[in-house]
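Notes for the one structure printed next.
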Amino acid sequence: MLKKPGRSPTLMSGLILCIILSGIASPTLANQGVNWLTAQAQSNGHYNTPDDLATPFQATAETWRTFYQMGSTTQPTMTAAFDAINAESFPSTEYLARILITRTQAGQPVDDLITTLTARLQYNGGLGDLSDYDHTVIDTAFALEALAMTIFVDTSIQSLYPTIDLLLKQQHEDGGWADNGNDSSV
Numbered sequence: 001m002l003k004k005p006g007r008s009p010t011l012m013s014g015l016i017l018c019i020i021l022s023g024i025a026s027p028t029l030a031n032q033g034v035n036w037l038t039a040q041a042q043s044n045g046h047y048n049t050p051d052d053l054a055t056p057f058q059a060t061a062e063t064w065r066t067f068y069q070m071g072s073t074t075q076p077t078m079t080a081a082f083d084a085i086n087a088e089s090f091p092s093t094e095y096l097a098r099i100l101i102t103r104t105q106a107g108q109p110v111d112d113l114i115t116t117l118t119a120r121l122q123y124n125g126g127l128g129d130l131s132d133y134d135h136t137v138i139d140t141a142f143a144l145e146a147l148a149m150t151i152f153v154d155t156s157i158q159s160l161y162p163t164i165d166l167l168l169k170q171q172h173e174d175g176g177w178a179d180n181g182n183d184s185s186v
């Protein structure tokens, strides 16, 4: 009887090693993005570049959210970014909503921001850029998203139904939104 040829232990060991190593994750594009964002940290706590279209506050708030969603909350610059976000004094609805989101993610008190944003709710559920301004889709959406992240929705979700309804009514057939009958821009 002929003996069946065996596999070389070196070949088998190499194959097993390749299988094991292929399971080890290499740096992903997301990790590269987090690294790039980290490199944009400024001495004043903001994350921004000279070419940003967003304000330093907006860029910092979005970077904070990205770090939070990626589980990168141990970045050494997170405390300075949190402080920079909370130091913003411009009282626009978008900015207040971004501060509310940041504080909620950080587990910080948000009652004052909830009170301010809900006081801006108009009869139709919309919110404007500032108190007593006409509602805009963007400001309304920012406020709705921020409020939805808080305990407010557990106790007062029905007060946001007009806001949800307003946004649904302003959504166009192409899936976009716009203010005042304009073409979709959001």
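Note that the numbering used here has the sequence shown beginning at 1, numbered continuously upward.
Glycine included, C-beta positions come from ideal geometry on N, C-alpha and C.
Since the model is a prediction, treat every value here as computed from it, not as a measurement.
Cβ separation of residue i and residue j, assumed to be a contact under 8 Å, to the nearest whole Å
i      : j      : result
Thr93  : Ala61  : So it is not a contact: roughly 13 Å between Cβ atoms.
Ala97  : Ala146 : 4 Å
Ser185 : Asp174 : The pair is not a contact, with the Cβ atoms about 11 Å apart (cut-off 8 Å).
Asp51  : Ala59  : Not quite, the Cβ-Cβ distance comes to about 11 Å (not below 8 Å), so this is no contact.
Leu127 : Leu121 : 6 Å
Coarse secondary structure for residue i, derived from DSSP in three states
i      : result
Ala41  : strand
Gly128 : strand
Gln171 : strand
Ala25  : Note that Ala25 scores a pLDDT of 46, beneath 50, so its modelled location is shaky and nothing firm can be said.
Separation of residue j from residue i, as counted between CA atoms
i      : j      : result
Gln158 : Gly107 : 24 Å
Phe57  : Asn48  : 9 Å
Gly33  : Thr66  : 10 Å
Thr140 : Leu167 : 8 Å
Phe142 : Leu100 : 10 Å
His135 : Asn31  : 38 Å
Asn182 : Lys169 : 13 Å
His172 : Ala178 : 8 Å
Pro76  : Asn124 : 43 Å
Ala25  : Gln105 : In this predicted model, Ala25 has a pLDDT of only 46, less than 50, meaning its place in the structure is not dependable enough to derive any value.
Val137 : Pro162 : 13 Å
Glu88  : Thr63  : 16 Å
Leu160 : Leu37  : 34 Å
Proximity test, residue i beta-carbon vs the ligand SAM heavy atom, cut-off 7 Å
i      : result
Thr140 : Summarising the ligand content, the structure contains no ligands, and the ligand SAM is consequently not present.
Completely contained alpha helix (DSSP H) runs for the region 45–100, where each covers 4 or more residues: Within the region 45–100, the complete alpha helix (DSSP H) segments at least 4 residues long are 56–69 and 78–86, listed from N- to C-terminus.
Sufficient close CB pairs (3 or more, under 8 Å) joining the region 108–119 to the region 138–154: yes
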